[in-house]
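Asks:
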DNA sequence: TGCTACATGTAAAATGTTACATGATTCG
DNA sequence: CGAATCATGTAACATTTTACATGTAGCA
């Protein structure tokens, strides 16, 4: 029952078409929600039949006409009521962790490659989000209260990607060096490794 | 198609009943996978009909007889083949982020309360995982290769909870102080407020 | 000319959740 | 005595994914 509010949350910041919603779920808000287009179009139709959103057709030159949806007053009211309810912690499903959990069944080389590949995915996303942050920072964040929320979630996205990336590095180090002592005492292994020279791969 | 491998991953580390699997998805591996019991029992039945797992009935004194499942050779083989495939990045759904995204629609007090509540949830989980880590650290991690995977995922869980908790604090600070300048220049507000001195960390 | 982006949908299949159902034991 | 834990399931419902379906415009 939350796709409803995910869509309405985006519409609360401005009118959008189904296609634009899809792009957002696929991009800038992709790190906290995802939905495919059949889901979105169906949900929009349902929300409209419930009176929570309304659309107007917008004709474009050289492009198909699109349906631009906005929140109705009722929708806005409903969204705010939901916002006041406590959030449930997410229960997520991370394939990478399942594979890591079983990494003892494959070679250390395979495990390191897996970690390296994943690190790259998160590094690329981190960069995207950081660029977005720089852009958002160019304007005032709290003057327009509506802009603060998206900024806060972006900070979360940046943290998440950075933290995941760092974990990939830490895990690969443990696998490579067969580190069997507590970290923290000496965060880095004794050998002169630094800056992760991937030349050796 | 991944609940299959999530279950098989746990079975790869030792035989388990459906109920025990449920407890794991609910507890120690809960931060990377979740499944409800109807799902688990159905999937186990399906996996058994496919020959990937097998069970034997284990009678207990004073407790109902349980079905303890183990991976078959075929199941082991299938799991390893899947492990070699690259992992897809997870597409997750975080209610908390949806609410944060729209926090401009509610009062700063409500937003701070939301963040504070969430911080507490993650703090509690962090503590659990850290205790688990201390326990795992008491034995050798890499001597038994099978134990390393679970240790690595636990490290990820700890990082995740800590990072989420820190974000809750950072976000609450921004909301409270209406911070409208880049962080990093001066992380702390000029005023002498310091309810949660993080200086000691 | 073929690929990508824009734009919207339907249908079927797979997954996941919630409610219903049962029954023994242990702890407070 | 009531609630929680152990233990396994079914049925109904909701959600999500994948495949099918269509058509225009711009770019290489």
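Chains as they are written, first to last, in my numbering: chain A, 1229 to 1429; chain B, 1229 to 1429. For each residue, glycine too, the CB sits at the ideal point set by N, CA and C.
Quick one: grab the DSSP three-state call for residue 1295 of chain B.
Replies: Translated into positions along the second chain, residue 1295 of chain B becomes position 67. Reduced to three states, the DSSP call for residue 1295 of chain B is strand.
Asks: Which same chain residues end up closer than 8 Å to residue 1358 of chain A when comparing Cβ atoms and leaving out the 5 residues on each side of it in sequence?
Replies: The count along the first chain starts at 1 and reaches residue 1358 of chain A at position 130. Here the set comprises 1386.
Asks: Applying the criterion that 16 or more other CB atoms from any shown protein chain within 10 Å of the CB defines a buried residue, is residue 1270 of chain B buried or exposed?
Replies: Taking the first residue of the second chain as position 1, residue 1270 of chain B is located at position 42. Looking at its Cβ environment, which holds fewer than 16 other Cβ atoms inside 10 Å, residue 1270 of chain B is exposed.
Asks: Can you list, in chain order, the residues of its chain with a C-beta nearer than 6 Å to that of residue 1424 of chain B? Leave out the 5 residues immediately preceding and following it.
Replies: Against the second chain, residue 1424 of chain B aligns to sequence position 196. Confidence at residue 1424 of chain B is low in this model, with a pLDDT of 45, below 50, so its placement is unreliable and the value that follows should be read with caution. Once the five neighbours on either side are set aside, residue 1424 of chain B has no close Cβ partner at all.
Asks: Should residue 1357 of chain A be flagged as near chain B, meaning a C-beta pair shorter than 8 Å?
Replies: Taking the first chain and counting its residues from 1, one reaches residue 1357 of chain A at position 129. Output row for residue 1357 of chain A: interface = no.
Asks: Check whether the Cβ of residue 1334 of chain B lies closer than 8 Å to any Cβ atom in chain A.
Replies: Locating residue 1334 of chain B in the second chain gives position 106, counting from the first residue. It does: the Cβ of residue 1334 of chain B has a partner Cβ on chain A nearer than 8 Å.
Asks: Any chance the stretch 1387 to 1398 of chain B sits against the stretch 1386 to 1399 of chain A, with 3 or more Cβ pairs inside 8 Å?
Replies: Verdict: yes, contact present.
Asks: List the residues that DSSP assigns as beta-bridge partners of residue 1244 of chain A.
Replies: Along the first chain, one-based indexing puts residue 1244 of chain A at 16. The partner list for residue 1244 of chain A (beta bridge, DSSP) reads A:1297.
Asks: Since residue 1377 of chain A meets chain B, which of its residues come closer than 7 Å, beta carbon to beta carbon?
Replies: For the purposes of this step, residue 1377 of chain A is identified with residue 149 of the first chain, where counting begins at 1. Neighbours of residue 1377 of chain A on chain B, chain order: 1328, 1329, 1330, 1331 and 1332.
Asks: For residue 1306 of chain A, which residues from the same chain have a beta carbon less than 7 Å from its beta carbon, with the 5 sequence-adjacent residues on both sides left out?
Replies: Stepping through the first chain from its first residue, residue 1306 of chain A is reached at position 78. Hits under 7 Å: 1280.
Asks: Taking the C-alpha atoms as reference points, what is the distance between residue 1396 of chain B and residue 1340 of chain B?
Replies: Looking up residue 1396 of chain B in the second chain gives position 168. Looking up residue 1340 of chain B in the second chain gives position 112. Computed Cα separation, rounded: 9 Å.
Asks: Could you tell me if residue 1189 of chain B is buried or exposed, where buried requires 16 or more neighbouring beta carbons within 10 angstroms of its beta carbon?
Replies: Outside the displayed span of chain B (1229 to 1429) sits residue 1189 of chain B, for which this structure offers no information.
Asks: Can you check the stretch 1250 to 1312 of chain B for any alpha helix (DSSP H) of at least 4 residues that lies completely inside it and give the ranges in chain order?
Replies: List check, alpha helix (DSSP H) in window: 1265 to 1277 and 1301 to 1312.
Asks: Starting from residue 1340 of chain A, trace the alpha helix (DSSP H) both ways and give me its first and last residue.
Replies: The count along the first chain starts at 1 and reaches residue 1340 of chain A at position 112. Its alpha helix (DSSP H) spans residues 1336 to 1365.
Asks: Along the alpha helix (DSSP H) that carries residue 1374 of chain A, what are the first and last residues, could you check?
Replies: As a first step, residue 1374 of chain A must be located in the first chain, where it is residue number 146. Taken as a continuous stretch (DSSP letters only), the alpha helix (DSSP H) holding residue 1374 of chain A covers 1373 to 1405.
Asks: Pull out every residue of the stretch 1293 to 1326 of chain A whose Cβ sits closer than 9 Å to any Cβ of chain B, in chain order.
Replies: Residues passing the 9 Å Cβ filter: 1304, 1307, 1308, 1310, 1311, 1312, 1313, 1314, 1315, 1316, 1317, 1318, 1319, 1320, 1321, 1322, 1323, 1324, 1325 and 1326.
Asks: For residue 1315 of chain A, name the three-state secondary structure that DSSP assigns.
Replies: Working through the first chain from its first residue, we reach residue 1315 of chain A at position 87. Looking at residue 1315 of chain A - three-state DSSP - the assignment turns out to be coil, as it is neither helix nor strand.
Asks: Looking at the C-beta of residue 1399 of chain A, does it have a partner C-beta in chain B at a distance below 8 Å?
Replies: Start at 1 with the first residue of the first chain, and residue 1399 of chain A comes out as number 171. It does; some Cβ of chain B falls within 8 Å.
Asks: With a threshold of 16 other CB atoms inside 10 Å of the CB of residue 1236 of chain A, please say whether the residue is buried or exposed.
Replies: Walking along the first chain from the start, residue 1236 of chain A turns up at place 8. Residue 1236 of chain A comes out buried.
Asks: How about residue 1366 of chain A: is its C-beta nearer than 8 Å to some C-beta of chain B?
Replies: Counting from 1 along the first chain, the entry for residue 1366 of chain A is found at position 138. No, its Cβ sits nowhere closer than 8 Å to a Cβ of chain B.
Asks: Give every residue of the same chain whose Cβ lies closer than 7 Å to the Cβ of residue 1249 of chain A, excluding the five residues on either side of it in the sequence, and list them in chain order.
Replies: Residue numbering aside, residue 1249 of chain A sits at position 21 when the first chain is read from its first letter. So the list reads 1235, 1238 and 1268, once near-sequence residues are dropped.
Asks: Which residues in the same chain have their Cβ closer than 7 Å to the Cβ of residue 1231 of chain B, if we skip the five residues on either side of it in sequence?
Replies: As a first step, residue 1231 of chain B is located in the second chain; it is residue number 3 there, counting from the start. So the qualifying residues of the chain are 1263, 1267 and 1271.
Asks: Contact check, residue 1285 of chain A vs residue 1295 of chain A under 8 Å by CB: the rounded distance?
Replies: Here residue 1285 of chain A is taken as the residue at index 57 of the first chain, counted from 1. Here residue 1295 of chain A is taken as the residue at index 67 of the first chain, counted from 1. Contact holds; Cβ gap of about 6 Å.
Asks: Does any residue of chain A have a CB that is nearer than 8 Å to the CB of residue 1230 of chain B?
Replies: Taking the first residue of the second chain as 1, we reach residue 1230 of chain B at position 2. At least one chain A Cβ lies under 8 Å of residue 1230 of chain B.
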